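Protein chains: 2
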Amino acid sequence: MSSSLIDSTPTRPHSPSAETSHTTSVPSVRQAKTIQRLCDATVEELAEHPFEDMSIRSVARRAGVAPATAYTYFSSREQLVTEVFWRRFSMLPEVESSNQALASTLDGFALLVADDPSLARACSMAMLSHDPAVKTLRDQIGRELRRRLMGASTELDSNGVRALELAIYGALVQAGMGHLSYRELPSLLASVAALMGQI
Amino acid sequence: MSSSLIDSTPTRPHSPSAETSHTTSVPSVRQAKTIQRLCDATVEELAEHPFEDMSIRSVARRAGVAPATAYTYFSSREQLVTEVFWRRFSMLPEVESSNQALASTLDGFALLVADDPSLARACSMAMLSHDPAVKTLRDQIGRELRRRLMGASTELDSNGVRALELAIYGALVQAGMGHLSYRELPSLLASVAALMGQI
DNA sequence: CATTGACCTGGACATGTGTCCAGGTTATGT
DNA sequence: ACATAACCTGGACACATGTCCAGGTCAATG
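Here the protein sequences come in this chain order: Y and B. Note that the first sequence covers residues 323 to 521 in our numbering. Note that the second sequence covers residues 323 to 521 in our numbering.
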């Protein structure tokens, strides 16, 4: 499991016909394409409009999908954005343990969505959502991050991991708020790790 | 200036009649009371309902204020929540420099809204908003936090402050996401500061 | 090719949100 | 006490959002 882009199960539809009909809950090929188009459209949409102006409907329109269909797979724009983040994260190749592995892992995570700030800010906001579907995804992301951090360094204790996680989330949030630029994140995170004597 | 609850100018109304009429932009006594009632109602509302279910209208209803009036002072629920956070922060007494000042400052900030998790999560979300009024407030909060951190420790360099800020925001966000409990924040932040050899 | 079930569409619907304004209420100065 | 301006109210309005359903389209199977 862990990192492959094949089996890293992205979100299941929250109510396609999966529970009413007798079909399985894993999306069909056709459904997977629709979902992928919606995810792509989300990124495009956020490149042009702030998260506040994005809606399921606007994304669906861009993806060439009927609103009702989009609502079948995603219950909120927050879920859409979090799903995009999760897909990027699970596609990110896992670095093998070395003396730079920790730094690479930190940077990789922080820079996942750094290419456009609007998407990044949307992720910061969306991942805090109360939506149960979002909660599932963000717990998944949290577990995967911790797993990768632990794998990247043999000398990280529990406190060290927690401290690094604080720094990462803090960095993402501050970048989302505009208090930091994404360019500085790598060196900033590196210096935090250095301060902690962990690298 | 700095910390007094009197002159720590909370948000001005975004369009009362301030710019069309010849009156000053600082709220009258009557307006201040209305605004305060709205802030109080926000806290009460969030104690019972999640941020997603809170609206300007629901807060106004609870405060005994007409929706149109509430909309006069706050353009979004995000602004309401951020204003509450800012008011608490500016009311928090500033600790005088000592060897525990840094820890007190960190804890004070992290625990500002820790009494009810719903308010805390709301703050995490609200402060990321695109709303210009929110941006003004969060920049204000960021500046004030940095000022207090620098004042609390004489040996903090620029990197140290940044690292601590990362940890604080990260802690608040993770607590907002439910990955951490608010009770652990003080000891966790203390251990981060310790790891950095700053305390 | 024909059929069947899964999938999608388009539009209707109830509900919520942000804005506006005409008129009533409260506070301030004369 | 009276007048005036500031403030608030209640309701109307246009618009967005989430849900539903009847019917059309697609793709796999016999």
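Beta carbons are placed, not taken as given, at the ideal position from N, Cα and C, and that holds for glycine. All of these numbers come straight from a predicted model, not from anything done at the bench.
When the alpha-carbon of residue 506 of chain Y is set against those of B:430, B:512, B:488 and B:493, the nearest one is in B:488.
One alpha carbon belongs to residue 383 of chain Y, the other to residue 402 of chain Y, and they sit about 14 Å apart.
Nearest Cα to residue 399 of chain B within the set B:499, B:468, B:481 and B:380: B:380. For the pair residue 490 of chain Y and residue 498 of chain B, the Cα-to-Cα distance works out to about 15 Å. Boundaries of the alpha helix (DSSP H) harbouring residue 456 of chain Y: 454 to 474, taken from the DSSP string. Listed in chain order, the positions of the region 401 to 429 of chain B with a beta carbon within less than 7 Å of a beta carbon of chain Y would be empty, since no residue qualifies. In the structure shown, residue 396 of chain B falls within a coil segment according to DSSP collapsed to helix, strand and coil.
Cβ contact annotation for residue 446 of chain B (same chain, cutoff 7 Å, sequence separation greater than five): 494, 495 and 498, in chain order. Your pair residue 357 of chain Y and residue 407 of chain Y does not check out as a contact, with CB atoms roughly 15 Å apart and the cut at 8 Å. Inter-residue distance for residue 508 of chain Y and residue 518 of chain Y is about 15 Å (C-alpha atoms, whole angstroms). The beta carbon of residue 493 of chain B falls within 7 Å of a beta carbon belonging to chain Y, placing the residue at that interface. Here residue 512 of chain Y is actually not in contact with residue 475 of chain Y; their C-beta atoms are around 13 Å apart, not less than 8 Å. In this structure the region 432 to 442 of chain B touches the region 360 to 369 of chain B; the number of beta carbon pairs closer than 8 Å is three or more. Annotated as proximal: residue 378 of chain Y and residue 392 of chain Y, with beta-carbon spacing under 7 Å. Annotation for residue 428 of chain Y: 511 place their beta carbon closer than 6 Å to its own, counting only its chain and skipping 5 residues before and after.
Taking a beta-carbon distance threshold of 7 Å, residue 508 of chain Y does not count as an interface residue toward chain B. The beta-carbon separation of residue 466 of chain B and residue 411 of chain B, rounded to 7 Å, stays under the 8 Å limit for a contact. Under the 10 Å beta carbon count, residue 351 of chain B is surrounded by fewer than 16 other beta carbons and is classified as exposed.
For residue 475 of chain B, no chain Y residue has a C-beta closer than 9 Å to its own C-beta; the minimum C-beta separation is roughly 14 Å. Taking the Cα positions, residue 365 of chain B is about 10 Å away from residue 376 of chain B. Per the coordinates, the alpha-carbon of residue 413 of chain B lies some 53 Å from the alpha-carbon of residue 355 of chain Y.
Of the candidates Y:347, Y:516 and Y:373, Y:373 places its Cα closest to the Cα of residue 443 of chain Y. DSSP places residue 386 of chain B outside both helix and strand once states are collapsed to three, so it counts as coil.
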